[in-house]
Every structure is written in structure tokens, then in C-alpha cells.
Amino acid sequence: MDLSIITEPNLEFGKGISCCPRLGIADHMVYDLKFKARKKEIFIGAVGTSKSLQSLKEWIEKCSNPIEAKSKNNQPNLYTSFCGFNETTGFAAKLIHEEEITKKILKKDLTSILKLKNWNKLVSEAVDLFYNNIRFLAQNRNVDVIVCVLPNMLYNQIVNKADFEVEETIDDDQPEDELNFRRALKAKSMHLGVPIQLIREQTFQETATQQDIATKAWNFCTAIYYKAGQTVPWKLIKNESRTAVCYVGIGFYRSRDRQTLNTSLAQIFNELGNGVILRGTQVDIDKYDRTPHLNANQAHDLLTHAINEYEFALETSPGRLVVHKSSNFTPQEIDGLRGAAEERRINSIDFITILDSSLRFFRDGIYPPVRGTNLKLEEDRYVLFTKGSVMHYQTYPGPYIPQPIEIRIFESEESPKTICEEILGLTKMNWNNTQFDGKYPITIECARRVGHILKYLNKADKPQIKYSFYM
């Protein structure tokens, strides 16, 4: 059995490198500090009750200053102090939140909605209540991002199983007979052109069952910074000896009525993580093979669209294409994808399937295998632990026995080692969470999350192309 451990990939920041987003921002500042056109003031609009808006105001004021890590802390690299969000520290920007860019929701309106007995009607009315206020701010106020604070009385009523934090799986496209508040609100608000951030009122409270305050501040402020500035706080380190790479993730999602199956595509242009979201065509499922696949024409058109977007944005063609998909590649898919690449004279293209592995592994002692553990099962088939014990954290920061991902290399011009190293690096490109041990590369994670939102859009609706509207 061929086993190796991939070194934790470093990230590039404004003035240096680090393997950890939190330490990187605190010590070296955000990556886009290099750009003169970056935002230095971020206007945060907000929707909520009078009480929850006051809590948000106090929270933003708190986040503007450093916040010490929790006192009883045996893992200082996991629970790091927050540097503060201001012009002189890591984010090198200022959060601006004033009463004139907020909209208050009346308690009587909430109470009326919460009396509804029909679940879908209750959630639909709650979505409309928030949407109408979001729309006013987006159309009438200068805001970069809108925070929706969910009062405890509402959250406790509208939460469903999909909102709980559970073990991640790729194939989580379960029937959605009941409306999901978060997904429905993001989909309905998307056309307004201002990203939204949902947060529970309870988040502002310090309780033993929640994350520590410094960690909450890291995650909240990083997400706000990314969504508001349409920029990146960190990026992967580019190997200057290699050609420019375009990463593409292809996923599938069902309509809410389960009657149709569509493709979602997450395209990551380069090491910066810049890219676009594309909605593909409806696909069929073969009666003998229940796994969705594209036909040759659909695969060709989807990748052609992706290459067009890359060339328009970067004014050059990629030297190499890497296509990640959550199901095996068929000969028809490979023919269509390769044909699109060859038409643009892109000769280096990798077809990689990424799945949840059914295998579990254990090591001596109480901790699971180390993140980055890479195991060859057979030729072109590997297992990679993207979750596991993290050397930098000196612990395993997870509640479950970690499930590795399986990597199947259908075609590749690069070595398996390079393919697995790239996938581990791409797990760190999710700006919604500053704990860097993501399970899936952003290509697959983004395509999956995008599908959750796209299923709430009508065919005539035009989806936003930025990931910030889906996270």
C-alpha cells in the first residue's frame, strides 16, 4: 500500500505567506492590499428587529477592535485572537454601519407570521418579509452587503434539518418538500445585486455551546470582507514554472419537485480563486445508470462557455484545464469536454472525479489520520484525507470520524501527486470559514452549494455569476 502525507499548502497574503488564514491576515494582512482599487470602507446594511439590530451594532463595534482568544486554550493555533477589523490591522479597511442603512422588522409582523400553521406558508411569508426590506436597502441605499439578523423567535420556528450542521456529503440532494428559508431568501434576493449574510441573533451571545467570540469574529468579518469587496483575502501560491490553470467544478442538482435534473458549474479562474457560476442545461438519467451524466454536446457547450468567460476575464487562454466532477466521467463527456478544449488549442486537460470514500482508516492513539494523508488504492485511484488531525492545530478539530474523499483520475497530463496536492490546496479557498481544513475543493463545494440555491430560481431567472451570492 503506497501511503504519503502531503504538506499543508501555504497561502499568500498581502505581505507574506502562512498556512493559516487567521494568522496570515493578522500577521501579513489581506492579499488584495496589493491592489490600489480595493475597498477601504465597507457599508453594511441590515434587516432585523430593533433589538437584533442593536445587537448587530454592538457586535460590529466589538469586531472593530482586537478580541482575545478564549482563556482556557490548549490549541492556540486553532483558537487564535482576532486582529480587529480596522484600517491599521489585518483587513486594512473600516466597517461602516449606521441606522440610515438599516430596516426594522416589527415584532407584530413576526408574531403574525409565526401563528401560521402551514410550514411552507410560514417560511414563504418570512422570506417575503425580509426580502421586501432587503429590496428597499439595495435599491435606495449605498450598501455593499446586507446582514439579515434572524431573531431567536423566528429562527426557532423556521429552522429545519437542512440548517443544522451535519457531516458533509457530496450526495446530499435530498427531497425538499419543505421550503428552506436561507436558500429561498438568497435566491429571491439575488437579482438585487447585493450579497446578503444571514446571522442568528443568538450568535452575538456568549454561550458554552457556541464558538468562542474570537472565532465568530474571524468567520463573520472574513465573509463580510469577501462579499462586500468582491475580492479575496488570500490566494493559493502560484507555481511560476507551470502554465496558467483554469479549474472547473461540475455538479448536478434536482429541481425542488424532483422532476428535472440540471448542471451547475463553478469555475475558478486561477490561484486567486476568482471565477464565475454558470447554470447548465437539463440532463437525463439513464434508466440503467441512476447517476447523472452529460451527453457530448452538453459537455462541449458547458466547457466552451467556461473557457469564454476565462478568456474574457483574463484576456488570455488557460494553458491547462482541470475538470472536477462528483460522478464518474463517461466517454461521451470526455469527448465533449476534450473537443471544447482542443478547439481553443488547450492540450493539457485533466478529468478528475471526486467522491466521498466508503473507507474508514484508523491510526494508533486517539487521533484520526493526519490531514493530507494520501493513499494509493490502485492505478489512478487514491484516497485523500482533507479532514483529519491537523499538525498546525495540534489536534483533530472535528466531531466525527473523518471521511476521506476518493480521487479517480480518468485522464491527466500531471502526476497523481500534483493532482492530490492541488485538491488539498483548493480545500482552503472557501472564504466563508477561516478554519482551513475544508472537506472538498472549492470547485466541488461551490458547485454543490450553488445547486442548493439555483433550485429555487425559475428558468427565466438570471442567476448571479459570483460565489458571494451563494455562500
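Here numbering that gives the first Met the number 0 is used: position 9 in the sequence shown is 8, and no number is missing along the way.
Note that beta-carbon positions come from the ideal geometry of N, C-alpha and C, so glycine has one too.
field: Rounded separation between residue 375 and residue 469 - CA only
entry: 34 Å
Limits of the unbroken beta strand (DSSP E) element including residue 296: Looking at the DSSP string, residue 296 is not in any beta strand (DSSP E); the run it does join, the alpha helix (DSSP H), is 295-313.
- prompt: Can you tell me where the alpha helix (DSSP H) with residue 471 in it begins and where it stops?
  reply: The structure shown does not extend to residue 471, since the chain is modelled only from 0 through 470, so no value can be given for it.
- request: Just mark residue 307 as buried or exposed, buried being the case when its beta carbon has 16 or more other beta carbons within 10 Å.
  value: exposed
task: Check whether the Cβ atoms of residue 187 and residue 126 lie closer than 8 Å to each other.
output: yes
- request: Determine the direct distance from the alpha carbon of residue 405 to that of residue 364, and round the result to whole angstroms.
  value: 24 Å
task: Check whether the Cβ atoms of residue 492 and residue 326 sit closer than 8 Å, and answer yes or no.
output: Given a span of 0 to 470 for the chain in the structure shown, any question on residue 492 remains unanswerable.
field: Terminal residues of the beta strand (DSSP E) in which residue 364 lies
entry: Per DSSP, residue 364 belongs to no beta strand (DSSP E) and is neither H nor E.
task: Pull up the distance between the alpha-carbon of residue 218 and that of residue 459, whole angstroms please.
output: 34 Å
field: Selection from 150, 122, 409 that minimises the alpha carbon distance to residue 377
entry: 409
field: Terminal residues of the beta strand (DSSP E) in which residue 147 lies
entry: 144-149
message: Distance check for residue 74 and residue 117, CA to CA, integer angstroms please.
response: 46 Å
- prompt: If you draw a straight line from the alpha carbon of residue 213 to that of residue 67, how long is it in whole angstroms?
  reply: 6 Å
- prompt: By the 10 Å Cβ neighbour count, where 16 or more other Cβ atoms means buried, how is residue 0 classified, buried or exposed?
  reply: exposed
- request: Decide if residue 368 is buried, meaning its Cβ has at least 16 other Cβ atoms within 10 Å, or exposed.
  value: buried
message: Checking the sheet assignment: what are the DSSP bridge partners for residue 47?
response: 103
The beta strand (DSSP E) enclosing residue 355, as first and last residue numbers: 347-355
message: Suppose you measure from the CA of residue 158 to the CA of residue 20; what does that come to, to the nearest Å?
response: 30 Å
- prompt: What is the rounded straight-line gap between the Cα of residue 44 and the Cα of residue 103?
  reply: 11 Å
task: List the residues that DSSP assigns as beta-bridge partners of residue 252.
output: 261
message: How far does the beta strand (DSSP E) with residue 196 in it extend, from its first residue to its last?
response: 195-199
task: Taking only the alpha-carbon atoms, compute the straight-line gap between residue 48 and residue 140 and give it to the nearest angstrom.
output: 19 Å
task: Express the C-alpha separation of residue 371 and residue 416 in angstroms, rounding to a whole number.
output: 11 Å
- request: Within 10 angstroms of the Cβ of residue 450, are there 16 or more other Cβ atoms? Answer buried if so, exposed if not.
  value: buried
field: Exposed unless 16 or more other CB atoms sit within 10 angstroms - verdict on residue 108
entry: exposed
- prompt: Which partner residues does residue 234 have in the DSSP bridge list?
  reply: 11
query: Who pairs with residue 324 in a beta bridge, going by DSSP?
result: 249, 352
- prompt: Would you call residue 362 buried or exposed, if buried means 16 or more other Cβ atoms sit within 10 Å of its Cβ?
  reply: exposed
Reduced DSSP secondary structure (H/G/I, E/B, other) of residue 59: helix
field: Cβ pair count under 8 Å reaching 3, the region 392-401 against the region 419-430
entry: no
field: N-terminal and C-terminal residue of the alpha helix (DSSP H) that residue 410 is part of
entry: Residue 410 -> not in any alpha helix (DSSP H); beta strand (DSSP E) instead, spanning 404-410.
N- and C-terminal bounds of the beta strand (DSSP E) containing residue 221: Where residue 221 is concerned, there is no enclosing beta strand (DSSP E), although the alpha helix (DSSP H) it sits in stretches over 212-228.
message: Residues in the same chain with beta-carbon distance under 8 Å from residue 295, minus the five sequence neighbours each way, listed in chain order, please.
response: 331, 332, 334, 335, 338
- prompt: Can the beta-carbon of residue 63 be found less than 8 Å from the beta-carbon of residue 94?
  reply: yes
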